[in-house]
Amino acid sequence: MNRPAANIKTLKIDGRDVTARPEETILEVARQNNIFIPRLCELKGLSTVGACRLCLVEVKGSNRLLPACVTRVEEGMEVTTSSERLDGYRKAILELLFTERNHICSVCVSNAHCELQSLAQKLGITHVHFPYRYPVVAVDASHERFIVDHNRCILCSRCVRVCEEIEGAHTWDIMGRGIDALVITDLNQPWGSSESCTGCGKCVHVCPTGALSEKGRSVAEMLKRRQFLPYLTLMREDRE
Amino acid sequence: MATGALSDFAKPAPPNQDKRWRLVDATMRRLGQHPRGLIETLHTVQEAYGYLDEEALRYVATSLRVPLSRAYGVATFYHFFTLKPAGEHTCVVCMGTACYIKGAPQLLDTVKRDLGVKPGETTSDGKVSVLTARCLGSCGLAPAVVYDREVAGKVTPHGMREHLAQWKTP
Amino acid sequence: MTPEELEQISESEHEAQGKFAHRVNVCVAAGCLSCQSQSVKDALDKDITRRGWEGRCQTKGVGCMGLCAEGPLVSTDNGTMYKGVTAADAPEILDSVESSPIERLLCPTDVPFFQRQKKIVLENSGIIDAERIEDYIGSLGYGALIKVLTEMTPPEVIQEVVKSGLRGRGGAGYPTGLKWSTVAKAAGPAKFIICNADEGDPGAFMDRSVLESDPHRVLEGMLIAAYAVGASEGFIYVRAEYPLAIKRLRTAIRQAERMGLLGTSICGTRFSFRIDLRLGAGAFVCGEETALIASVEGKRGTPRPRPPYPAQEGLFGEPTLINNVETFANISPIIRNGGDWYAKIGTEKSKGTKVFALAGRVQNTGLVEVPMGVTLREIVFEIGGGIPEGRKFKAVQTGGPSGGCLPAELLDMPVDYESLARAGSIMGSGGMIVMDESSCMVDVAKYFMDFCMTESCGKCVPCRVGTYQMHRLLESITQLEGTPKDVALLTELCDLLKNTSLCGLGQSAPNPVISTMRSFADEYKAHVEERRCPAGVCGNHRNSEEPA
Ligand SMILES: Cc1cc2nc3c(=O)[nH]c(=O)nc-3n(C[C@H](O)[C@H](O)[C@H](O)COP(=O)(O)O)c2cc1C
Ligand code: FES
Ligand code: FES
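Chains as they are written, first to last, in the numbering used here: chain G, 1 to 240; chain W, 1001 to 1170; chain E, 2001 to 2548.
Below, the structure written as structure tokens:
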């Protein structure tokens, strides 16, 4: 893509000079430059929602923390992606996620392949200092090939978005609100009885945790393949 | 939006002969049969039938070309909508700030004790549904309760007990 | 509709009303209606017929007179006001219009509650019949619209609003003129106006009252805004819990359409504007502007990150101006009297008046409109008449679930945006709940956290799980089972939610906790260190004595 140089923004991320196209977000630019910013709801190829709040960064001149996944770059911006304060917030947010449902890694199909788990390790979380909630939520194995286990769901809405935006089926959505929210298929019916599900499995592969998995996997066996997503997005853009 | 696809789209027939579906159809027509008319249409269904059941959700969703899961998501997001039929009578206790500090919690306790139901529930005989509201805008009359459709102000547990007893006797 | 026609309607309305020797106004806003004021009005009408006074005495159903707790309220044209009127009192009231007032029902109007108010937004409330557009026109209604359409360019209108210094009455206090000019400058094939009538703060009823008492004023404000920013379609997002307001708005829209004040080529100009209603469905978060937009679009009312702001990308992706009911209600007086006139009222940074819904443990509950900058003490003790039953004042809560509790030490603080923010609260939409020593401040904090938890949309993690955790901690403290460690965790979560939540709901959810921890630290201490509730509210057994 040959754009005039005037359309290139220069900014600093963690003291490094980087360049970016104006429509890019801080997170995208950081990723291109191998600067790590934690995130869970964002996934390349899907729309952004700014919901998990893990990607919050400090921007010089702004008294608020800004979500890197939705904040566009600006000329001369000075971004800090890691600090004691940011890491403290990120750990607290991850801890809150661990207390919200029942995340028992040792028996999870996604053990060792889970984005939640690996972020917690990376940020050095050794224990959770908020009380656990232990909700009673269901496991739905009615689909012939897939399972949804609400105990592991973090409500990132990636499944909802991939199903609507890429597959075009809109089988998934979220019901209820607040702490009682749940992902659902169709009219909150067993996944296996869904009329709109095409069985494509995209939702399973974008799910960051063990909430969505393929049947027949035992502990730590559920490897997710995400390569299809940027490819599909690219194919669409070319067609348009 | 591809208009070609739209013209191929056939609006489903109402689930049954009930005349109230005409009201629902009228609302959908007024809003151009557009997905963005979902909430307004659900309001009409709830007004006509008292609640939203699966059949109604399915009919509205398919008529407006809204994905089923989105219709369900919307219906359960807004507390004004209910998926279960209400009792013969409803008793709405305001739990807004003014009512709260003027004794609404005691009113709820009274309901719980007298009827054995919590907010959002209906007595087992189907007589009374108990709901709570977030401020009825009648704070000047706190604590406020709505019995069926009538707002009562400065309600005491005693007055409430009498009102509920009236409903319980057939 | 031409200026001349409007003038004509106004004159014939004055003439029609002037034919009556007497007039009796009955409040038929929601507060009084729920005390059977309609039957009072019916009884008056019946007695007028019985007396054959049809051409002599007019009864009028009017909007809120302010003192909602004393309803039904009735006023007569000689300035007398009656409270607690029943249908049986009708004959006596009609007798009194030609003789001396009825002592038994008299509601004195020479008291601070009425004298200290300054009515701009509420100037017609309690005076005109909300269901008749002619009555509004007879009170200078739609004159401001005609003025902008015939004499002013859109930039001039915006300039006048900028000059007035008006700030948004929906909570945040964003300068209205600035918002208007942003939307005016934004490019888009279509622009929208939304009136935020969601009034979600539990304990606030100002917007409801304005909509029920003077709906045309809000329509006129929206029309002027639409002309100023170049919008052709508007929505009023009103709570479904306000059926009367909805009904009167529908009537008002129909009347304005019939008179050619809404629709295409308004007043023969090229300006066209339509207004439609959208009903809320019981979600506080839908007061937040991006959630409100999602809701108008028929979706789950979840907020999205800003920017882009609605002024750039709002409803259906187009530039959208969102203002609160009271903000719009201020517009026509500003246009009529000029921005400079408005800017003379209030304080340096907070101009004009503010309507407050005064409720809770205070003598006079109801609606009051006061100039910005009066002190809390004046509102609570002079206008509000102080605390009933000789009890002691403890705190006044402003801003609802996003606000804070202000203790007695702050009573002499002027009420304006900056002072309230400095004190750890916010102006909010105008709910003001007075509490006395019978309220426990930890319990109040728990109450608001319960509210925020159930109203959290669930999209972002800090708000969804954080409010749950904070509520659980407050629950255990109010069960007298909390520890000092719980208070420390609460403090940590306050900081987290404030700084990391996606929208205003989560960001301000800690405010009631922070403000009570600051001003009533000893109460928290008593709960966790001595396992004692000083107000006697908390514990395993709620005292279920009858409320006074
Ligand atoms: C959680 C939340 C609830 C809100 N509720 C309301 C409301 O009920 N009414 C209102 O006018 N503004 C409400 N607001 C403020 C609006 O987002 C917005 O700022 C306002 O409508 C703008 O109008 P104004 O500039 O005239 O104040 C709320 C904001 C938040 C964050
Ligand atoms: S990745 Fe930005 S908020 Fe989740
Ligand atoms: S708090 Fe109950 S009516 Fe407002």
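The beta carbon of each residue, even a glycine, is placed where N, CA and C say it ideally should be. As the structure is a computational prediction, the values presented were derived from the model and not from experiment.
(request) Could you tell me which of S106/G, R90/G, G45/G sits nearest to L54/G, measuring between CA atoms? (result) Sorting S106/G, R90/G, G45/G by C-alpha distance to the C-alpha of L54/G places R90/G at the top.
(message) Does any residue of chain W have a CB that is nearer than 8 Å to the CB of Y2242/E?
(response) yes
(request) Answer yes or no: do S2249/E and P2202/E have a C-beta to C-beta separation smaller than 8 Å? (result) In the sequence as presented, Ser is not what sits at residue 2249/E; that position holds Leu. Against a cut-off of 8 Å, the Cβ pair of P2202/E and L2249/E comes out as no contact.
(request) Could you tell me whether any non-hydrogen atom of ligand 2 is closer than 7 Å to the CB of A68/G? (result) Yes - ligand 2 has a heavy atom lying nearer than 7 Å to the Cβ of A68/G.
(message) For chain W, check one thing: does any of its Cβ atoms lie closer than 8 Å to the Cβ of S47/G?
(response) no
(request) Using a threshold of 8 Å, state whether the C-beta atoms of C2064/E and V2024/E are closer than that. (result) The answer is no: Cβ separation not under 8 Å.
(request) Measure the C-alpha to C-alpha separation of L116/G and L40/G and round it to an integer number of angstroms. (result) 7 Å
(message) Looking at S2429/E: is its Cβ nearer than 8 Å to the Cβ of G2170/E?
(response) yes
(request) Can you tell me which of the three DSSP states S2075/E falls into? (result) strand
(message) Let me check you understand the geometry: is the CB of C2503/E closer than 7 Å to at least one non-hydrogen atom of ligand 1?
(response) yes
(message) Tell me the residue span of the beta strand (DSSP E) that contains D1148/W.
(response) From DSSP, D1148/W is part of no beta strand (DSSP E); its letter is neither H nor E.
(request) Express the C-alpha separation of E2348/E and S2164/E in angstroms, rounding to a whole number. (result) Approximately 11 Å, taken between the alpha carbons.
(request) Under 8 Å between beta-carbons, which chain A residues line up against E1054/W? List them in chain order, please. (result) Looking at the structure shown, chain A is missing, and the protein chains on hand are G, W and E.
(message) If you follow the beta strand (DSSP E) that R2278/E is in, where does it begin and where does it stop?
(response) 2274–2279
(request) Return helix, strand or coil for K60/G, following the three-state DSSP convention. (result) coil
(request) Using 7 Å as the cut-off, classify the Cβ of E42/G as near or not near the heavy atoms of ligand 2, replying yes or no. (result) Result yes, Cβ under 7 Å from ligand 2.
(request) Establish whether the CB of S1069/W and some CB of chain G are separated by less than 8 Å. (result) Yes - at least one Cβ of chain G is within 8 Å of the one on S1069/W.
(request) Could you work out which residue in Y2468/E, G2536/E, T2398/E, C2503/E is closest to S2515/E when comparing CA atoms only? (result) T2398/E
(message) Between T2080/E, A2190/E, R2422/E, which has its C-alpha nearest V2097/E's C-alpha?
(response) Per the Cα distances, T2080/E.
(message) In this structure, how does DSSP classify R152/G when only helix, strand and coil are distinguished?
(response) helix
(request) Could you say which of N188/G, R226/G, A141/G, M77/G lies nearest to A243/G if we only look at CA atoms? (result) Nothing can be reported for residue 243/G, as the shown portion of chain G is limited to 1 through 240.
(request) Look at the Cβ atom of P2407/E, then the Cβ atom of F2448/E, and state whether they are nearer than 8 Å. (result) The criterion of a C-beta distance shorter than 8 Å is not satisfied by P2407/E and F2448/E.
(request) Measure how close the beta-carbons of I2383/E and N2364/E come, nearest whole angstrom, since I'm counting them as under 8 Å. (result) 7 Å
(message) In whole angstroms, give me the CA-to-CA distance for V2362/E and V2026/E.
(response) Looking at the two C-alpha atoms, the distance is approximately 24 Å.
(message) DSSP three-state label for N2364/E, please.
(response) coil
(message) Between which residues of its own chain and V2148/E is the CB-CB distance below 7 Å, once the five residues before and five after are set aside?
(response) V2157, I2224, Y2227, I2335
(request) List the residues of chain W that F2284/E touches, going by C-beta distances under 8 Å, in chain order. (result) Here the neighbours are R1134.
(message) For V1024/W, would you say it is in contact with chain E, using Cβ-to-Cβ distances shorter than 8 Å as the test?
(response) Chain E contact via Cβ: absent.
(request) May I ask you to list the residues that DSSP assigns as paired with P67/G? (result) Residue pairing by DSSP puts P67/G in a beta bridge opposite L56/G.
(message) Shorter than 7 Å, the distance from the beta carbon of G1087/W to the closest heavy atom of ligand 2, or not?
(response) no
(message) Here's the rule: buried if 16 or more other CB atoms are within 10 angstroms of the residue's CB, otherwise exposed. What is L253/G?
(response) Outside the displayed span of chain G (1 to 240) sits residue 253/G, for which this structure offers no information.
(message) Between R39/G and ligand 4, is there a pair consisting of the residue's CB and a ligand heavy atom that are separated by less than 7 Å?
(response) Summarising the ligand content, the structure contains ligand 1, ligand 2 and ligand 3 and does not contain ligand 4.
(message) For T10/G, would you say it is in contact with chain W, using Cβ-to-Cβ distances shorter than 8 Å as the test?
(response) Output row for T10/G: interface = no.
(request) Could you name the residues of the same chain whose beta carbon sits closer than 7 Å to that of P2003/E, not counting the 5 residues immediately before and after it, in chain order? (result) Cβ within range, chain order: I2146, T2150.
(message) Check whether the region 2455–2469 of chain E and the region 2234–2245 of chain E are in contact - that is, three or more C-beta pairs closer than 8 Å.
(response) Too few Cβ pairs lie closer than 8 Å, so no.
(request) Would you list, in chain order, the members of the region 2497–2531 of chain E that have their beta-carbon closer than 8 Å to a beta-carbon of chain G? (result) N2499, T2500, S2501, L2502
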